[in-house]
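This report concerns only the one structure given below.
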Amino acid sequence: MSGFPALAQEAPLSSPILAPEAPISGPILGPVGPGQPINSPLGPPATLPPQNMAPQNPAAPATPGSPDAGVRVSPEKARAYAVETAIPQRVPVRPDDPHSAMWEVDPRVAFARAQREQRPLLLLFTADWNAKCLKLSEEVFSTKSFNDFVKENVVICYLNFPRNQTDAHPLFRDWKERFGVMGYPNLLVFDPEGHVVREITGYSTGKPVTYFSQLKEIVLPVVAATDERKAGLRKKGFRDWKNREGVPLFAAFVRWGGELLTLRGVNGDNWTVELGALSDEDQTLVRSFPQVGEVK
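Below is the structure:
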């Protein structure tokens with residue numbers, strides 16, 4: 171599955187955009203050392219790539235709850251992340267389900283996706299050596315109820331920390347410090363624009379219903395507020411665009427010409443997309459509009 175190929179950003183960033191400055195190569199799950207396999211509590215074994223593959227200056231959120239909360243990205247590096255251009259490393263919630271919801275393992279990709287799809291984001295700080303984390307994964311995050319809830323409402327991402335913090339990926343350590351996360355498990359709930367809404371710390375073994383109910387009580391009002399906002403934006407020309415594989419982008423049509431069209435995201439940025447990357451339905455819609463230069 172591939173996403174819309176984003177070709178160019180036409181306007182400078184006027185507000186924080188939730189996108190990474192550079193992709194992380196391969197799965198980054200925080201084992202005890204580079205190249206050593208681990209068993210993630212949320213999916214199959216994975217291997218941390220060499221540390222020198224990580225970006226030197228990874229983007230990171232500002233103070234939680236501040237107007238600048240979320241990931242900032244320089245204009246020249248942003249264009250490739252307006253929409254998904256490749257399949258990032260992901261871990262299924264339910265490996266035996268071909269239609270399973272997917273855990274992101276790069277938080278910058280997760281934030282970009284949350285803004286693109288206009289969905290809340292759940293960012294889980296976890297550790298596969300921690301008994302509470304393992305129980306939370308087993309009793310809540312591996313269930314069909316959680317899987318169905320995620321597919322309908324949110325984007326999810328987890329950061330798996332080793333016992334020795336100095337062995338953690340630098341990006342992970344940065345995020346942990348900036349949000350003041352002290353222990354595991356710790357779940358942060360963000361709105362689509364990257365602002366922290368609430369957090370859930372710890373887990374009481376044997377009480378999955380209590381935890382899941384608390385999670386829904388936090389997330390569903392954010393979903394409702396986002397849906398209300400999107401309803402208002404739809405009146406201004408915004409809609410759900412999709413590529414041939416169904417990858418969504420909530421944006422407004424600006425113009426088209428030849429084989430390219432320009433869409434405007436919720437954050438006000440314009441993005442040029444290949445017409446052929448759209449679904450057949452969306453291509454038909456675009457071709458019904460006058461091209462640039464046709465309107466006199």
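Just so we're aligned, residue 171 is where the sequence shown starts under the numbering used here, counting upward by one. Positions of the beta carbon are idealized from the N, C-alpha and C atoms, including for glycine. In this text the structure is predicted, and so the values were computed from the model without any measurement.
1. Which one or two residues does DSSP pair with K412 in a beta bridge?
2. Would you tell me roughly how many angstroms separate the C-alpha atoms of V393 and T454, rounded to the nearest one?
3. Considering just the uninterrupted stretch of the beta strand (DSSP E) at W273, what are its terminal residues?
4. How far does the beta strand (DSSP E) with P391 in it extend, from its first residue to its last?
5. When DSSP labels each residue in this structure, what does F295 get in the three-state scheme?
6. Starting from V456, trace the alpha helix (DSSP H) both ways and give me its first and last residue.
7. Assuming the contact rule is C-beta atoms closer than 8 Å, A331 and F295 should be a hit. Round their C-beta distance to whole Å, please.
8. If distances are taken between C-alpha atoms only, which option among A271, Q288, P265, A282 comes closest to R399?
9. Give me, in chain order, the residues of the same chain whose beta-carbon lies closer than 8 Å to that of V456; leave out the 5 immediate sequence neighbours on both sides.
10. According to the neighbour-count rule (16 or more other Cβ atoms, all chains shown, within 10 Å of its Cβ), is R333 buried or exposed?
11. Which residues bound the beta strand (DSSP E) around P262?
12. Could you spell out the range, first to last residue, of the beta strand (DSSP E) harbouring L169?
13. Please report how far the alpha carbon of D276 lies from the alpha carbon of L291, in whole angstroms.
14. Following the continuous beta strand (DSSP E) through N334, name the residue where it begins and the one where it ends.
15. How would you write the range of the beta strand (DSSP E) that E369 sits in, first residue to last?
16. Find out if the Cβ-Cβ distance for the pair L358, L304 is shorter than 9 Å.
17. Going by other Cβ atoms of all chains shown within 10 Å of its Cβ, with 16 needed for buried, is V379 buried or exposed?
18. Does DSSP put N440 in a helix, a strand or coil?
19. Quick check on this structure: which residue in N300, H269, E347, Y328 has the alpha carbon closest to the alpha carbon of A280?
20. Is DSSP giving N356 helix, strand or coil here?
21. Comparing alpha-carbon positions, which option in I370, P362, V366 lies nearest Y354?
22. If we call anything under 9 Å between Cβ atoms a contact, is K314 one with G372?
23. First and last residue of the alpha helix (DSSP H) that includes Q285?
24. Compute the Euclidean distance between the alpha carbons of F350 and N356, then round it to the nearest angstrom.
25. Helix, strand or coil for G493, going by three-state DSSP, please let me know.
26. Do Y381 and E309 have their beta-carbon atoms positioned less than 9 Å apart in this structure?
27. As a quick exercise: from F459, N300, V366, E274, pick the residue whose alpha carbon is nearest that of T375.
Per the coordinate set shown:
1. P418
2. 30 Å
3. 272-274
4. Note, P391: premise wrong, no beta strand (DSSP E); alpha helix (DSSP H) at 378-404.
5. strand
6. 450-457
7. Note on identity: in this sequence residue 331 is Phe, with Ala being the wrong assignment. Yes, they are in contact, since the Cβ atoms of F331 and F295 sit about 7 Å apart, within 8 Å.
8. Q288
9. F423, W426, L431, L445, L448
10. exposed
11. 260-262
12. No answer is possible for residue 169: the residues shown for the chain start at 171 and end at 466.
13. 13 Å
14. Looking at the DSSP string, N334 is not in any beta strand (DSSP E), and its letter there is neither H nor E.
15. 366-371
16. no
17. exposed
18. strand
19. Y328
20. strand
21. I370
22. no
23. 277-287
24. For clarity, residue 350 is Gly in the given sequence; the question names Phe instead. Whole-angstrom Cα-Cα distance: 10 Å.
25. Shown here, the chain extends from 171 to 466; a query on residue 493 therefore has no answer.
26. yes
27. N300
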